[in-house]
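Asker: There's a structure below that I have some questions on.
This is how it looks when you write it as structure tokens:
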């Protein structure tokens, strides 16, 4: 500028800038419950479930947030809430708790009391407007009815592969349960059932699925023929290694047909683990008579008759057991005659037979032990 010059042309303009636009956030919730009657509707006496994991996805199937159900401000269990959500489309996915399945979806006419989760736990697409709070996205679950698997281990005395009258169950046999991946789940031992019958086992509280039963062979025994006959309820189900065929259990199913028969194996390398008396049971009247270990000697020695003397025989005062007629009975040998030997030979043969029987039974017992 020159001295004395006055320039008043340097100006500036200003404009008002409006504040940045901040949308109103929305929310999405609400409830997970145990549907005791399985009708898909929340009833007053049905309880919420805490600890269920809930995922929130956007319209691109990207995970936005994760939370867990918990008690609300009033202490009621089963609630969840996603907050500060911008307008858009979302999907909620509930992770089904173990031992449960999703209840009926979309039952009834009240969206606040139905279940929105499908079989895999995911809802349909949910659109949130600006500032909207949708607290009607619920999930109901039904407890899966547990299944059972059993039943019987017996001594197949006649080795025909089927359970027959008079054959006894065997207690103390170990039984193992495996899942479809071959993982050991549980172990039990055969025992008396509620009625006192021997040889029973049971796996209960099982979820639907595929299982295999393994019977652990007792020492000195082997498995009987597998799947003999036409009746699957009285046959044996184990192969030579003790495994049954895979069994598929449905919800609430009770399969009490997985049995196994055992035989004594004379070629087993180990002794018989279960005593023979346990397998065959006590003797009943009419069975094999009890024989003393050693024949008893007569308490009073018998004096042989003296030749040449006549000894009259007195008739018995009471009738005795029937006797086979013998013309020589009651007579002593006369002078010059020898004593009759036939009665003595018969008695000796009888004592010899008893001694042989006793020895044979002893040898059998030693072989079994």
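Residue numbers (our numbering): 4 to 372. Every residue, glycine too, gets a C-beta built ideally from N, C-alpha and C.
(1) Is it a yes or a no for the segment 242-253 touching the segment 199-206, going by three-plus beta-carbon pairs under 8 Å?
(2) Exposed or buried, residue 6, counting other C-beta atoms within 10 Å across all chains shown (16 or more means buried)?
(3) Are the CB atoms of residue 258 and residue 213 nearer to each other than 8 Å?
(4) Out of curiosity, what's the CA-to-CA distance linking residue 143 and residue 179?
(5) Which of helix, strand or coil does DSSP assign to residue 357?
(6) Going by CA-CA distance only, name the one from 215, 241, 210 and 189 that's closest to residue 226.
(7) Between residue 28 and chain C, is the shortest Cβ-Cβ distance under 8 Å, so that the two count as touching?
(8) Do you know how far the Cα of residue 100 is from the Cα of residue 1?
(9) Check this for me: beta carbons of residue 126 and residue 43, under 8 Å apart or not?
(10) Does the segment 106-118 come into contact with the segment 79-92, if we say contact requires no fewer than three beta-carbon pairs (one atom in each stretch) closer than 8 Å?
(11) If residue 167 and residue 202 are in contact, beta carbons under 8 Å, what's the gap, nearest whole angstrom?
(12) So what's residue 17 in DSSP terms, helix, strand or just coil?
(13) Do the segment 28-38 and the segment 135-151 make contact, defined as three or more Cβ pairs closer than 8 Å?
(14) How big is the Cα-Cα spacing for residue 84 and residue 147?
Answerer: Answer, in terms of the structure:
(1) no
(2) If you number the chain shown from 1, residue 6 lands on position 3. Exposed.
(3) Position 255 of the chain shown holds residue 258. Position 210 of the chain shown holds residue 213. No, the Cβ-Cβ distance between residue 258 and residue 213 is not below 8 Å.
(4) Position 140 of the chain shown holds residue 143. Position 176 of the chain shown holds residue 179. Between residue 143 and residue 179, the C-alpha separation is close to 35 Å.
(5) Position 354 of the chain shown holds residue 357. DSSP places residue 357 in helix when its eight states are reduced to three.
(6) To locate residue 226, count along the chain shown from 1; it is residue 223. It is 241 whose Cα lies nearest to the Cα of residue 226.
(7) Looking at the structure shown, chain C is missing, and only one protein chain is on hand.
(8) The structure shown does not extend to residue 1, since the chain spans only 4 to 372, so no value can be given for it.
(9) In the chain shown, counting from the first residue as 1, residue 126 sits at position 123. In the chain shown, counting from the first residue as 1, residue 43 sits at position 40. For residue 126 and residue 43, no; Cβs fall outside 8 Å.
(10) no
(11) Taking the first residue of the chain shown as 1, we reach residue 167 at position 164. Taking the first residue of the chain shown as 1, we reach residue 202 at position 199. Residue 167 to residue 202, Cβ: 14 Å. No contact.
(12) For this step, residue 17 is matched to residue 14 along the chain shown. Coil, per DSSP.
(13) With three or more CB-CB distances shorter than 8 Å, the segment 28-38 counts as touching the segment 135-151.
(14) Walking along the chain shown from the start, residue 84 turns up at place 81. Walking along the chain shown from the start, residue 147 turns up at place 144. Roughly 27 Å between the two C-alpha positions.
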